[in-house]
Amino acid sequence: MPMDRRSFVAAAAAVASSIDPALAAGAAPDPVRDPLGVRDDFPVAAERTYLNSAYIAPVHRAVIAASRAYMEEKSKGSLEVGGLISATDAVRAQFARLVNATPDEIGLLFSTGDGENVIANGVGLRAGDNVVVDDLHYSTEFVLYRALEASRGIELRIVKNRDGAVTAADFEPHIDRRTRIVSVAWVSNQNGFRHDMRPIADLAHAHGAIFYADAVQAAGMIDLDVRAAGVDALCSGSYKWLMSEFGVAPFFVSRDAVDRLQSDRIGEFSVEREEPGWHYELVKNARKFEGTSRSFGAVAQLQASLSYLEKVGSTRIEEHTVALAQQIHQGLVKQGYRMFTPPGNRSSIVTFFFSRPADDFRAAFRTAKIDVTVRAAQVRVAPALFNNADEIERFLDVTKRLV
-5 MPMDRRSFVA AAAAVASSID PALAAGAAPD PVRDPLGVRD DFPVAAERTY LNSAYIAPVH
55 RAVIAASRAY MEEKSKGSLE VGGLISATDA VRAQFARLVN ATPDEIGLLF STGDGENVIA
115 NGVGLRAGDN VVVDDLHYST EFVLYRALEA SRGIELRIVK NRDGAVTAAD FEPHIDRRTR
175 IVSVAWVSNQ NGFRHDMRPI ADLAHAHGAI FYADAVQAAG MIDLDVRAAG VDALCSGSYK
235 WLMSEFGVAP FFVSRDAVDR LQSDRIGEFS VEREEPGWHY ELVKNARKFE GTSRSFGAVA
295 QLQASLSYLE KVGSTRIEEH TVALAQQIHQ GLVKQGYRMF TPPGNRSSIV TFFFSRPADD
355 FRAAFRTAKI DVTVRAAQVR VAPALFNNAD EIERFLDVTK RLV
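Here the sequence shown is numbered in the working numbering, starting from -5 and rising by one per residue.
Written out as structure tokens, the structure is:
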């Protein structure tokens, strides 16, 4: 028998709460091995030292359980569209709480790049307009706006970082009355730099521009407040710090900005009310950017993960992971490495440079069962809520041998 809306959401919530972080369940966390009381919920933690959540984060047992429960219902023919839609509504409310928004300001897209495309297509870019980003942004933005330079005659302006950081003062000379979008990665995928958002937002707004944030490396890792930051729109994938699956990307558009953006997609989920003669009143809030149905299995998993992360607490997660990142930064500086991440940075991503062959680093980390991202001349390290200080020392033991 198909599950109705209320039953489906209740079942999903039951799955999400069936596996609680130890602290939420009343157990005292181990201050050394497991400060947040979550380690046993992550199977990867028993197998190796995973310091690569900025790449693809491991899922916890609540997400695994939600995935199984969803597929069990699907295998029985028990899924019902109304219940699936209600699950998406639940995720909107959860993500809204995470970033200090309201549920009507949250849409669900498929990827973070999807969000930037919605903004770029929605503002009505014309020849002579410009878009301002910095060079710590993700590659999608450069590909997108270079293509729009060729097709629409806009100008992409790129602010250069100084010692791994960018400030509003660096942005200011690049923004003018023809600037339509100012786009930043709240936390850079390259070196973890955490932008001071409000001054950049004020600068963008003073020139009438939309201020957009790519939050895929921020949501779930640090406390986010879109109101305090002055963000007009934001998108985050769910497979990194939200600890879930590919295929769903929460997308925030403020009530003040939503009418300034045209939707570049229309479908049955764009309809608020159907009228006679095949006429339709369309949705006017952030859901207008969805258009089509969701990846509902991924939504079910994200619902479970957001519930789990909410119980742990974003403030506790930030405090723990940033402390681990600072332990990494200080250890690498002491060993003599040149840092790409500036000192005192408040995110859990650290990147440093090296001069030896990259394969030396890859082999050493592989032998030690440590997962990080090794690039041509850089290593990026990204501890998560399940990591601990002993694992950081294990990592530093490897880098010490490679100086």
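Idealized CB from N, CA, C, for every residue including glycine.
Per DSSP, the bridge partner or partners of residue i
| i | result |
| --- | --- |
| residue 188 | 181 |
| residue 103 | 243 |
| residue 269 | 273 |
| residue 124 | 149, 173 |
| residue 364 | 43 |
| residue 333 | 346 |
| residue 33 | Paired residue(s): none; residue 33 is not in a bridge. |
| residue 24 | 28 |
| residue 159 | 156 |
Where the beta strand (DSSP E) through residue i begins and ends
| i | result |
| --- | --- |
| residue 375 | 372 to 375 |
| residue 75 | Counting along the chain, residue 75 falls outside any beta strand (DSSP E), though it belongs to the alpha helix (DSSP H) covering 75 to 93. |
Terminal residues of the alpha helix (DSSP H) in which residue i lies
| i | result |
| --- | --- |
| residue 304 | 290 to 306 |
| residue 395 | 383 to 396 |
From the options, residue whose alpha carbon lies closest to that of residue i
| i | options | result |
| --- | --- | --- |
| residue 306 | 30, 49, 328, 249 | 30 |
| residue 87 | 293, 326, 395, 143 | 293 |
| residue 26 | 393, 392, 382, 390 | 382 |
| residue 217 | 152, 167, 311, 300 | 311 |
| residue 377 | 34, 57, 51, 198 | 51 |
| residue 77 | 287, 214, 248 | 287 |
| residue 235 | 278, 390, 392, 92 | 92 |
| residue 346 | 367, 72, 269, 302 | 367 |
| residue 40 | 390, 380, 350 | 380 |
| residue 344 | 192, 186, 277, 254 | 186 |
| residue 116 | 173, 283, 334, 304 | 283 |
| residue 154 | 163, 148, 147 | 163 |
| residue 188 | 342, 370, 348 | 342 |
| residue 315 | 35, 304, 45 | 45 |
| residue 173 | 190, 195, 157 | 195 |
| residue 219 | 191, 125, 53 | 191 |
Helix, strand or coil at residue i [DSSP, three-state]
| i | result |
| --- | --- |
| residue 46 | strand |
| residue 343 | coil |
| residue 218 | coil |
| residue 350 | coil |
| residue 208 | strand |
| residue 255 | coil |
| residue 213 | strand |
| residue 227 | strand |
| residue 317 | helix |
| residue 129 | coil |
| residue 18 | Below a pLDDT of 50, predicted positions are generally treated as unreliable, and residue 18, at 48, falls in that range; no measurement from the model is reported. |
| residue 164 | helix |
| residue 249 | coil |
| residue 55 | helix |
Q) Are there three or more Cβ pairs, one per stretch, closer than 8 angstroms when the region 220 to 231 is compared with the region 241 to 249? A) yes
Q | At least three beta-carbon pairs within less than 8 angstroms, the region 314 to 327 to the region 373 to 393 | A | yes
(Q) Would the region 265 to 281 count as touching the region 124 to 142 if we require 3 or more Cβ pairs under 8 angstroms? (A) no
Q) Below 8 angstroms, can you find three or more Cβ-Cβ pairs linking the region 355 to 375 to the region 202 to 209? A) no
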